[in-house]
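Heads up, the thing below is written out as structure tokens.
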Ligand code: ADP
Ligand code: ZN
Ligand code: ZN
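In my numbering, the protein residues as written are 61 to 825.
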């Protein structure tokens, strides 16, 4: 690509704006530099620049050409890193928007837009590495045998579950790339280093396997004839492709043919020479989903998800950038796919929490999509059977178009949902966690050679160790969380990975009545096997799905009919299509309702409705049994009547009454430190600051919480406190938080105490 001329006609040097990589927010400004003769630069390229009085060069990004004249003497750019821009001009504008909306730095915003293979590492001495050129990647293999590993486990040699998981995975898979390990096991390269130092793993270089489809070729598939509803929806939506910045919600029950409609709209967009991005929650980015796209769009499809190696992801990204791949299917960060000509963005299962990132920049892909479509002029489509309250509220108030798909394809009925009263079950003497009705339905379904799914609330039902004498619960020494029993004799913290052997008697009073409580999926499996002869059960939870394809293996067993019942957490409720499933059982629906988050009703409704959508997807009708104590709750009543709108009206009235989203925006300031007093002091200061700031706002009032311990009041040995503030206007909220961050950045920079800000978090827990 050609750069711009470096001098204008008068021979005056060309200037550019540069933002620094790795700068604190207080230095995060656009600085003007001169471009030396002969250097070719464009916005979106990386450069090295001298900065301040320090020796050495810093990495930076060019954000624009010829900024307004400055009065100070300009320094020259030292070196251009890239030959062509890495970031398109549209995405630069998105980054600028993100910086304001999520209070992050330019660099943080720009970095999430790149696959990690394209990131630049600048050393102190000004040398740098462009990782993208790597043809190999780091990989690990186990340096101990399976027997030695078991022996080490028995000796209690591991203090961290992550180490155990890493070795388990390596022993199963043989060889894994470092990035796969990090993504699969949620570990950091540092943990791998520890294992390497101990001689338990070996590091190798691996040629990068650069085919994310692993040689799978998919036969082209012709689209089915649309149903009447699909046709009407298409006729309504297709014209929006020609307008700038259209926005619509496809409100369609599960199995109503939404995906089919997306495919057709994407086809239409491609006909106009414009590309498409479809976001799906990571968990539903299954081979089936990908195959549907490959079958329709063949070699134009790019897939972006976290199970690709760095090299694979980089190749997909480059293919998109070159224009060779113009149908992008991916998880959250695929919203940054560098398509030049964007025609349509689809956000499937729009209500999913996974679209909100948690770490800085804590962006919400739904909002980024809006910004991106506003900037680039694509059609933005949300799809869901159970839209988020925010999105449905926008549809109700007319700011976005709503299109309904009310019927399941081929007129298949929605499953019958029945509530089971667990209070009564107790009174009748059933002390297990599965009601008699559910047990007998599972047995009947088994006899009929059909399949069932049992859904548990997260690990909410998992086992923990409780002393029957003094009531002590075994908990993590670093986090304020009880340890979960993992296999027979290990206990683990699911937040930090701390692992210990289960003590024989109570560490507090020495009693021998120190026994496991609650019910994990393992216990449930055992109970089920007892009540139904010959039942083949597969479990799918985080503990049983380690390894690159662990997840897939479990699902394949179930899909191929080699198992009769699938037990799992939320994971099983989402997106999978199992034609032979006729029964879905949901255990302890109340536990989800009382989680303490203001979205708990919304999330429960969504989860139950999605789970119900798993039953009866083929010709056979489906049935759903929901076990609960609090049968009158409006959320459960709405679920049994498949009544999203009824639920919405109740819930939105409450939100309005209580000044909650979507009527108010929420900012959370979180302070943490290893020393409890440091954290307490800072949160008190922040509180006083915010209280004063709140008093001075002339517009509508702020709602400010007291400084409180965070719901997880201790994590990884750090004490955590937070303040929640709310305001009607996100702009007012942001401006106060922005000044707060600048004011306190000196107090926290380089110190042991951290302060972070999250805007409109997905969960308050
Ligand atoms: P959703 O995304 O709303 O859950 P899908 O698009 O996955 O729905 O459709 C559900 C099932 O119905 C899929 O197996 C799909 O192949 C099939 N299907 C969708 N549209 C049609 C149609 N017009 N004719 C026949 N089958 C269809
Ligand atoms: Zn005790
Ligand atoms: Zn912990």
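Built from N, CA and C at the ideal position, the CB exists for glycine as well.
Item, Value
"Burial state of residue 324, where buried means 16 or more other Cβ atoms lie within 10 Å", "buried"
"Cα-Cα separation, residue 309 to residue 449", "12 Å"
"Check: residue 484 C-beta below 6 Å from any heavy atom of ligand 1", "no"
"Pick from 732, 142, 553 and 529 that is closest to residue 575, judged by C-alpha positions", "529"
"Nearest to residue 383 (by Cα), restricted to the options 351, 421, 338 and 334", "334"
"Alpha helix (DSSP H) runs wholly inside the stretch 485-537, at least 4 long, in chain order", "496-507"
"Neighbourhood of residue 808 by C-beta distance below 8 Å, restricted to the same chain and skipping five residues each side", "742, 814 and 815"
"Closer than 6 Å: residue 469 CB and nearest ligand 1 heavy atom", "yes"
"Anticipated Cβ contact below 8 Å, residue 158 with residue 421, distance rounded", "6 Å"
"Residue 644 versus residue 234 - alpha carbon distance", "36 Å"
"Whether residue 141 touches residue 477 by CB criterion (7 Å)", "no"
"Whole-angstrom distance between residue 435 and residue 153, CA atom to CA atom", "8 Å"
"Bridge partner(s) assigned by DSSP for residue 749", "In DSSP, residue 749 forms no bridge with anything."
"Opposing strand residues paired with residue 308 [DSSP bridges]", "441 and 461"
"Cβ-heavy atom distance, residue 444 to ligand 1, below 6 Å", "no"
"Identity of the residues DSSP links to residue 469 by a beta bridge", "DSSP, once it has assigned bridges, lists no residue as partnering residue 469."
"Contact set for residue 442: own chain, Cβ-Cβ below 6 Å, skip 5 residues either direction", "309, 407, 410 and 451"
"Short Cβ contact (7 Å threshold) for residue 364 with residue 376", "yes"
"From 687, 507, 304 and 559, residue whose alpha carbon lies closest to that of residue 437", "304"
"Closer than 6 Å: residue 318 CB and nearest ligand 1 heavy atom", "yes"
"Residue 154 - DSSP class collapsed to helix/strand/coil", "helix"
"Nearest-angstrom Cβ-Cβ length linking residue 750 and residue 764, presumed shorter than 8 Å", "6 Å"
"Selection from 215, 414, 657 and 378 that minimises the alpha carbon distance to residue 175", "378"
"Check: residue 349 C-beta below 6 Å from any heavy atom of ligand 1", "no"
"Euclidean distance between Cα positions of residue 828 and residue 133", "As displayed, the chain neither begins before 61 nor continues past 825, which places residue 828 out of reach and without an answer."
"C-alpha gap between residue 144 and residue 682, whole angstroms", "55 Å"
"Residue 128 CB to nearest heavy atom of ligand 1 below 6 Å", "no"
"Residue ranges of each alpha helix (DSSP H) within the stretch 346-423, 4 or longer", "347-357 and 370-382"
"Counterpart residues of residue 200 in DSSP-defined beta bridges", "236 and 263"
"Near ligand 1: residue 314 beta-carbon under 6 Å from a heavy atom", "yes"
"beta-carbon residue 507 near ligand 1 non-hydrogen atom, thresh 6 Å", "no"
"Any non-hydrogen atom of ligand 1 closer than 6 Å to residue 284 Cβ", "yes"
"Validate contact between the stretch 465-477 and the stretch 312-332 using beta carbons, cut 8 Å, 3 pairs", "yes"
"DSSP state of residue 724 mapped onto helix, strand, coil", "coil"
"Option in 453, 210 and 648 with minimal Cα separation from residue 712", "453"
"Distance, residue 198 Cα to residue 80 Cα", "29 Å"
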